[in-house]
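Protein sequences appear in the order of chains C and U.
According to this note's numbering, the residues represented by the first sequence are 1 to 309, in order.
According to this note's numbering, the residues represented by the second sequence are 1001 to 1283, in order.
A virtual CB, placed ideally from N, CA and C, is assigned to each residue, including glycine.
Given the structure is predicted, the values throughout are model-derived calculations rather than measurements.
Worksheet: one structure, shown below.
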Amino acid sequence: MSAVIQAEKLCKWYGNILGVSDINLEIQPGIKGLLGPNGAGKSTFLKLAAGQLKPSIGWVRIFGEKTFANHRIYSRIGFCPEHDSFYPDMTGWQFIFFMARLHGAASPRRAGEMTEKALATVGLTDKKDFLIKTYSFGMRQRLRLSSSLVHEPELLFLDEPLRGIDPLWRIKIIRLIKEYEKAGKTIIVSSHVLSEIEAMTSDIILIHQGRVFAQGNIHYIRGLIDAHPHQISIRSNRPRQLAEKLVRLENVLSVELDEATATLIIKTNQRDQLFDFLTRFLAENDIEVDEITSPDDNLQAVFDYLIGR
Amino acid sequence: MAIREKGYTGWEGELKPSSQLWLPIFFSGIKTIFKKKYAKLIFGGVTFPFLIFLIAVYVRTKPELRLLSGLVRQLATDASLFNLFFTNGFLIFMLFIFCIFAGAELIAADLRFNALALYFSRPLDRLDYIGGKFSILLFYLLLFTLVPGLLLVAFKMIFSGSLSFSPLLLLAILVYPFILSMFLASFTLMLSSLTANAKFTRIIILLLYIFMDALAQMLRTVFKSDYFNLFSIQRNITQVGNLLFNKGQSAWNFPSWLSLLTILGLTLVFSAVLFLRIRRAEG
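Structure below.
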C-alpha cells in the first residue's frame, strides 16, 4: 500500500525555537493519531504536512507531491486548525458556502448543496443562519470541522478536534471520523488526550519535543504506561494508619508521608488493583479522605518517564 | 429524548479546478461592503459630485437657465469638464473615505481573525488572494469614477443631441479612473497588510492623506518650488488629470508627467510590499 504522507528529515524552527526536528515517517491510509503533550510539535507537524508552513529543512509529500505552496493539491486536503479562523460577522452558512466556493465548487447551487451537507454532518443546520460570533466554543469547533469536510477531501488533518466539544458530540465526531475512514479516506488526528485517540484508532505517532518518539500500535504505549509506576496522592484524617496498611501490599512500591499536609504519596505498578483495595479499606475502617489525585496521570508524565527523565 | 444521529453522507458532486478562485473573494467582499452601515453614506457622498456635474452638463447646453454659472464657465470644453470632474477635491476625498472605511480592513481583518490560513489551505495561491482583494476595491472605485464618467459622456451626448466626442478624451476617461483606482487600491491594501488592527490602518491612511498635502504645501512655500507638490497625494492625482485631460496644463510649474511617474511608481512599490507581506504571512 502506498504511503499517503511521506516526510524526510523534516525540521521547522521558529527563529531559535524548535518546532519539529528530523521527522522521518510514512503514513498509510486510515486513521492515524498524533499524540503528544502540549507544545510537543503536533500542530507544527500538521501544518507542515498540510502545506501551511514551509519546512526549514527536509520535505513532506502528500500523494507523492510536495505540499508547501502546491495549491493544486489542497483540493484533496481538509485542514481543521486548532484555533478559530472565522469572520465573526458571517453566518455559519455563509462561511461554509464561502469555503465551498474557494474549493472550486462548480456553481453557487452546488456550493449550496455542499454547504447544507457539511453543516448537517456536524449538526449545525438549525443554527446555520446565526452569526458565528454568537456560536459557543463547541459550535465553533464543529463549524471548523465542517469547513474542512465541505469539499470531501481524501486526506483530513484534524488538530485537537474534540477540544471544547460536549460529550454527546464527542461521541458523534469520533463516529464520524471512523465512518470517514470506512469511506477509504485518511485522517490524521492530533490530541494530547490519550483516551480520545484510543477511541478512534490504535495506530499512533508519539511526538515529544519536536521529535517522533514512537510510532505504531497504541497497545505498545499502553504497555509502557502500565509498566510505569503511578503516583497516587491521598489526603486523609488518618494518614499513618493508611500508610501502615499500604506498605504491606505487594503492588505498592513506596509510600511517602507528608505530616504537615496529612498527605500520602504512593507509588504503585498496579493502579486499578490499588484503587479497588483503597475503596474497600477506607469504607471498612471509616477513614475520611479529603482528596485522591494522580499527580502524574497525564501524558507529559508518561513522556517524561519514557524518555527517562 | 431520542437522539437523531447523522453520520457522514458523501457529496457526489465535482470540484472543478478553477483559474478564477479570486471570484469567491470578490463576490463575498462586494456583498460584505455593501451591507455595511457606512456604505450608503459613502455611496451618497460619491454620487453628489456626479449629480452636480450632470446638472452642469445640462446647463451648458441651455445657457439661458443661468444656473451654476461659475462652474459652467470653467467647463468651456469637454476636456476641462472631465478634468474638473475627476480631479475635484470632494470626489478624491470621498474615494479616500471609502478606502479608509471599506479598504482598511480587507487584509487587516484576515490577519486579525487568523483567516489567511483559511485561504491558503484551499487551492488558491497568493495571486488569487491578492487579486480577490484588489478586485473588491477596484470594483467600487471604478463604480465611483469610471461609471459616472461614462454616464456623463452619455448624458452630454443626449443633452447636446450629438454623438461627436473626441476619441482621445474618451480614452483618457477610461484610463484615468484605472490609474487612480489601482493607486488607491494598492495604497490601501498595502497599509492594510501591515497590521491586524484596521483602526490603525484607517488612521494611517487619513494621516498620510492630510499630512503629505500639508508637507507639500509647507515645503513649496518655504522653498518657493512647485516640485514639492510631488509630496502630496492629492496634487499628484490632480496633475495626472491635467496630463490626461488638459495636455499637461496646470496652475503648478512642474511637469505633470512626473506626477504620473510618481503615481505609477508608488503603485508598483505598494503592490510589491503587499506581495511580500502576504508571502511572509503564508508561511
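- chain C partners of S1028/U, CB-CB under 7 angstroms? Translated into the one-based positions of the second sequence, residue 1028/U becomes position 28. F98, listed in chain order.
- Task: For P81/C, decide whether its Cβ has a neighbour in chain U, counting only Cβ atoms nearer than 8 angstroms.
- Result: For the purposes of this step, residue 81/C is taken as residue 81 along the first sequence, with counting starting at 1. Cβ-Cβ to chain U under 8 angstroms: yes for P81/C.
- Query: Alpha carbon to alpha carbon, how far is L46/C from L1206/U?
  - Reply: Taking the first sequence and counting its residues from 1, one reaches residue 46/C at position 46. Taking the second sequence and counting its residues from 1, one reaches residue 1206/U at position 206. Roughly 41 angstroms separates the two Cα atoms.
- Could you pull out every residue in the same chain whose Cβ sits closer than 6 angstroms to the Cβ of R1277/U, ignoring the five residues on either side in sequence? The residue you call residue 1277/U lines up with position 277 of the second sequence. S1193.
- Message: Does chain C have any CB closer than 8 angstroms to the CB of R1280/U?
- Response: Against the second sequence, residue 1280/U aligns to sequence position 280. False, the Cβ-Cβ gap to chain C never drops below 8 angstroms.
- Are any of the Cβ atoms in chain C nearer than 8 angstroms to that of Y1038/U? Translated into the one-based positions of the second sequence, residue 1038/U becomes position 38. No, its Cβ sits nowhere closer than 8 angstroms to a Cβ of chain C.
- Assuming F1082/U contacts I1173/U under a Cβ cut-off of 8 angstroms, what Cβ separation, rounded to an integer in Å, is found between them? One-based indexing of the second sequence puts residue 1082/U at position 82. One-based indexing of the second sequence puts residue 1173/U at position 173. Right, the Cβ-Cβ distance comes to about 6 angstroms (below 8 angstroms), so this counts as a contact.
- Query: With respect to the beta strand (DSSP E) encompassing S191/C, which residues constitute its N-terminal and C-terminal limits?
  - Reply: By one-based count along the first sequence, residue 191/C stands at place 191. Taken as a continuous stretch (DSSP letters only), the beta strand (DSSP E) holding S191/C covers 186-191.
- Query: Listed from N- to C-terminal order along the chain, which residues in the segment 1117-1147 of chain U have their beta-carbon within a distance smaller than 9 angstroms of any beta-carbon of chain C?
  - Reply: A1117, L1118, Y1119, F1120, S1121, R1122, P1123, L1124, D1125, R1126, D1128
- Query: If the cut is a Cβ gap below 8 angstroms, which residues of chain U does A243/C touch?
  - Reply: Taking the first sequence and counting its residues from 1, the one referred to as residue 243/C is at position 243. What A243/C touches in chain U: nothing, since even the nearest Cβ is about 47 angstroms away.
- Can you pull the chain U residues whose beta carbon is under 7 angstroms from the beta carbon of Y135/C, in chain order? The residue you call residue 135/C lines up with position 135 of the first sequence. None at all; the shortest Cβ gap to chain U is about 14 angstroms.
- How would you list, in chain order, the residues of chain C whose beta-carbon sits under 9 angstroms from the beta-carbon of F1113/U? Within the second sequence, numbered from 1, the residue matching residue 1113/U stands at position 113. Within chain C, the residues near F1113/U are D84, S85, F86, Y87, P88.
- Message: Could you give the first and the last residue of the continuous beta strand (DSSP E) run that contains R235/C?
- Response: In the first sequence, counting from the first residue as 1, residue 235/C sits at position 235. Counting along the chain, the beta strand (DSSP E) containing R235/C begins and ends at 230-236.
- Message: Looking at chain U, is there any beta carbon in it that lies within less than 8 angstroms of the beta carbon of R101/C?
- Response: Translated into positions along the first sequence, residue 101/C becomes position 101. Closer than 8 angstroms: yes.
- Query: So, do the segment 1052-1062 of chain U and the segment 104-123 of chain C have three or more beta carbon pairs nearer to each other than 8 angstroms?
  - Reply: no
- Task: Please confirm if S2/C has its CB atom under 8 angstroms from at least one CB of chain U.
- Result: Numbered from 1 along the first sequence, position 2 holds the residue referred to as residue 2/C. Answer no: the Cβ-Cβ gap between S2/C and chain U never drops below 8 angstroms.
- If you measure from the beta carbon of P1024/U to each beta carbon in chain C, is any gap under 8 angstroms? In the second sequence, the residue the question calls residue 1024/U occupies position 24. True, the Cβ-Cβ gap to chain C drops below 8 angstroms.
- Item | Distance, S1166/U Cα to T1267/U Cα | For this step, residue 1267/U is matched to residue 267 along the second sequence. For this step, residue 1166/U is matched to residue 166 along the second sequence. Approximately 29 angstroms between the Cα atoms of the pair.
- Query: Going by the beta-carbon positions, is the gap between T186/C and P81/C smaller than 8 angstroms?
  - Reply: As a first step, residue 186/C must be located in the first sequence, where it is residue number 186. As a first step, residue 81/C must be located in the first sequence, where it is residue number 81. The answer is no: Cβ separation not under 8 angstroms.
- Item | Three-state secondary structure assigned by DSSP to Y1058/U | Taking the first residue of the second sequence as position 1, residue 1058/U is located at position 58. It is helical.
- Task: Could you give the DSSP three-state label for T1009/U: helix, strand or coil?
- Result: Taking the second sequence and counting its residues from 1, the one referred to as residue 1009/U is at position 9. Bear in mind that the predicted position of T1009/U carries a pLDDT of just 46, short of 50, making it too unreliable to give a figure here.
- Task: State whether the segment 1140-1151 of chain U contacts the segment 1176-1195 of chain U, with contact taken as three or more CB pairs (one from each stretch) at a distance under 8 angstroms.
- Result: yes
- Item | First through last residue of the beta strand (DSSP E) which encompasses I73/C | Residue 73/C sits at position 73 when you count from the first residue of the first sequence. Premise fails: I73/C is in no beta strand (DSSP E) and is neither H nor E.
- Query: A69/C CB to nearest chain B CB: under 8 angstroms?
  - Reply: Among the protein chains in the structure shown, which are C and U, there is no chain B.
- Query: What three-state label does DSSP hand A1079/U in the structure shown?
  - Reply: Sequence index remark: in the second sequence, residue 1079/U carries index 79 (1-based). Residue state, collapsed to three classes: helix.
- What residue from P1049/U, Y1119/U, F1096/U has the CA that sits closest to I1107/U's CA? Working through the second sequence from its first residue, we reach residue 1107/U at position 107. If we check each option's Cα against that of I1107/U, Y1119/U comes out closest.
- Query: Can the beta-carbon of L246/C be found less than 8 angstroms from the beta-carbon of E256/C?
  - Reply: If you number the first sequence from 1, residue 246/C lands on position 246. If you number the first sequence from 1, residue 256/C lands on position 256. The answer is no: Cβ separation not under 8 angstroms.
- Pull up the distance between the alpha-carbon of L1043/U and that of I1092/U, whole angstroms please. What you label residue 1043/U is simply residue 43 of the second sequence in a count that begins at 1. What you label residue 1092/U is simply residue 92 of the second sequence in a count that begins at 1. According to the sequence provided, residue 1043/U is Phe. The question's Leu does not apply to it. C-alpha separation (whole angstroms): 13 angstroms.
- Using the C-alpha atoms, what's the distance from G1241/U back to L1230/U? Working through the second sequence from its first residue, we reach residue 1230/U at position 230. Working through the second sequence from its first residue, we reach residue 1241/U at position 241. Cα to Cα, the separation comes out at about 14 angstroms.
- Task: Out of S233/C, E259/C, N38/C, point me to the one whose CA is closest to I292/C's CA.
- Result: Sequence index remark: in the first sequence, residue 292/C carries index 292 (1-based). When only C-alpha atoms are compared, the closest one is S233/C.
- Query: What is the rounded straight-line gap between the Cα of L1189/U and the Cα of A1079/U?
  - Reply: As a position in the second sequence, residue 1189/U is number 189, starting the count at 1. As a position in the second sequence, residue 1079/U is number 79, starting the count at 1. So the alpha carbons of these two residues sit roughly 32 angstroms apart.
- Item | Residue ranges of each alpha helix (DSSP H) within the segment 265-292 of chain C, 4 or longer | 271-284
- Message: Count Cβ pairs between the segment 195-205 of chain C and the segment 172-182 of chain C that sit closer than 8 angstroms; are there 3 or more?
- Response: yes
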